[in-house]
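Written below as structure tokens is the structure these notes are about.
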Amino acid sequence: MEKNFLFYAKKFAKLRVDKARGVAPHKPILLLTVLDLFEKGYIGRNEIYLSPELTANFLKFWHRFVASDHHSNIALPFFHLTGDKFWHLMSNPGFEAAIQARAKFRTLPLLRSAVKYAYLDNELFQLLQDERHRNELTNILIRAWFPQNVSEIEEAFKYDEFEAIQQSLFDSGGSIYSIEELKNEDQIFARNGAFRRNITRLYDQRCAFCKMRVVSQDGQNLVDGAHIQPFSEFRSDLFVNGLALCKNHHWAFDHGWFGISESYRIVIPENRFIEEPPKASLKIEDFHTEEILLPNDQRYLPSLEALEWHRQNWEIAI
Ligand SMILES: [Zn+2]
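Below, the structure is given as structure tokens:
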């Protein structure tokens, strides 16, 4: 059968969904989200990442359109859409066999560890380059799966939930989560992503330790939004618990290879390193007493209390 527009229109209207507890809305919600991300220019190549942007906008459609008591777990449709034969998974190294054997990865962190990205049939990806096709497929999805919400679709496409979360976190300086809130993995993943994005922006995409800034043409950068006090223990996404650090210095900070003093100077513990610096570079010890880069917004200077906790945790004496 020719894989043309009609072929996919039928597929979208007749997705293989679970009906054990009423029609499961996960797959049509994920496809609406993918169409939305195409529209917003997030998807340039045929690679759909399980990203905070995808997750935040998945929740946007979910909260608007789902009336049943199904649980909003994006990992389920991201995995099970493979059963509809136009959605495929690219596994991470070491997970090829598990993905091929259709081993179940039922949670977002597990699926993210196993899967690099999803990709569509090339024929479908090409069709989605055309705005008219995207609109028609959106209409098909909404009429087939959420007929009572037809009038709301335009409004839902208008805004970007990930941007909205970033903005609301920016206005409030981040937040601390309760154990109860952590149970919604999709929500926390989207909000953690917004935390990281905000922190790297506050530091102008530079590492607070070495000041390096490398940004690719498509906006990726080498700098992470790191937590001073670990999120798993303190559940704090307050910006004052954040630091922008490159991958190396994020790892080094998380393993106590350096601390930061009350005057925001780098503290390198003595006699801990054997190293040969690469050409034209500095040894880690050369950074001792150097001032770190501070965020461009004075409200979000790193918390002295959190930094002291970190030094004590790793027994770094000033
Ligand atoms: Zn660095």
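Its first residue numbered 577, the sequence shown is counted upward by one per residue in this note's numbering. Every residue gets a Cβ at the ideal spot worked out from N, C-alpha and C, and that includes glycine.
Residue i, enclosing alpha helix (DSSP H) - first and last residue
i           : result
residue 706 : Counting along the chain, residue 706 falls outside any alpha helix (DSSP H), and DSSP gives it neither H nor E.
residue 663 : Unbroken run through residue 663 is the beta strand (DSSP E), 663-667; no alpha helix (DSSP H).
residue 607 : 602-615
residue 867 : Here residue 867 belongs to no alpha helix (DSSP H), and DSSP marks it neither H nor E.
residue 583 : 581-589
residue 776 : 761-778
residue 592 : Residue 592 -> no alpha helix (DSSP H), and no H or E assigned at all.
residue 660 : Counting along the chain, residue 660 falls outside any alpha helix (DSSP H), and DSSP gives it neither H nor E.
residue 727 : No alpha helix (DSSP H) contains residue 727, which DSSP labels as neither H nor E.
residue 807 : 807-810
residue 674 : 672-676
residue 738 : 737-748
residue 787 : Taken as a continuous stretch (DSSP letters only), residue 787 belongs to no alpha helix (DSSP H), as it is neither H nor E.
residue 814 : Careful: residue 814 lies outside any alpha helix (DSSP H) and carries neither H nor E.
Beta-carbon gap between residue i and residue j smaller than 8 Å
i           : j           : result
residue 751 : residue 660 : no
residue 865 : residue 842 : yes
residue 695 : residue 624 : yes
residue 770 : residue 628 : yes
residue 737 : residue 626 : no
residue 820 : residue 801 : yes
residue 584 : residue 713 : yes
residue 684 : residue 762 : yes
residue 845 : residue 892 : yes
residue 704 : residue 614 : yes
residue 644 : residue 598 : yes
residue 885 : residue 805 : yes
residue 709 : residue 581 : yes
residue 826 : residue 817 : no
residue 810 : residue 876 : no
residue 651 : residue 681 : yes
residue 833 : residue 850 : no
residue 587 : residue 662 : yes
residue 687 : residue 722 : no
Residues of its chain near residue i, where Cβ-Cβ distance is below 6 Å and the 5 sequence neighbours each way are ignored
i           : result
residue 781 : 789, 791, 797, 799
residue 653 : 602, 603, 606
residue 764 : 758
residue 735 : none
residue 729 : 718
Run of the beta strand (DSSP E) containing residue i, from where it starts to where it stops
i           : result
residue 801 : 799-803
residue 693 : 691-696
residue 818 : 818-822
Contacting residues, own chain, Cβ-Cβ under 8 Å from residue i (five flanking each side not counted)
i           : result
residue 668 : 689, 690, 691, 692
residue 725 : 640, 641, 718
residue 698 : 622
residue 637 : 605, 608, 609, 612, 732
residue 749 : 814, 815, 816, 875, 876
residue 822 : 783, 785, 786, 788, 798, 799, 800
Exposure of residue i, with buried meaning 16 or more beta-carbon neighbours within 10 Å
i           : result
residue 785 : buried
residue 742 : buried
residue 848 : exposed
residue 595 : exposed
residue 871 : buried
residue 633 : buried
residue 795 : exposed
residue 868 : buried
residue 831 : exposed
residue 677 : exposed
residue 592 : exposed
residue 883 : buried
residue 600 : buried
residue 766 : buried
Whole-Å CB distance - residue i paired with residue j, under 8 Å assumed
i           : j           : result
residue 630 : residue 658 : With a Cβ gap of about 16 Å, residue 630 and residue 658 do not count as contacting.
residue 768 : residue 746 : No, residue 768 and residue 746 are not in contact; Cβ-Cβ is about 15 Å, not under 8 Å.
residue 589 : residue 732 : About 19 Å; that fails the 8 Å criterion.
residue 873 : residue 778 : 6 Å
Beta-carbon proximity list for residue i, same chain, < 7 Å, skipping 5 on both sides
i           : result
residue 880 : 838
residue 776 : 797, 799, 801, 820
residue 853 : 859
residue 674 : 690
residue 772 : 800, 801
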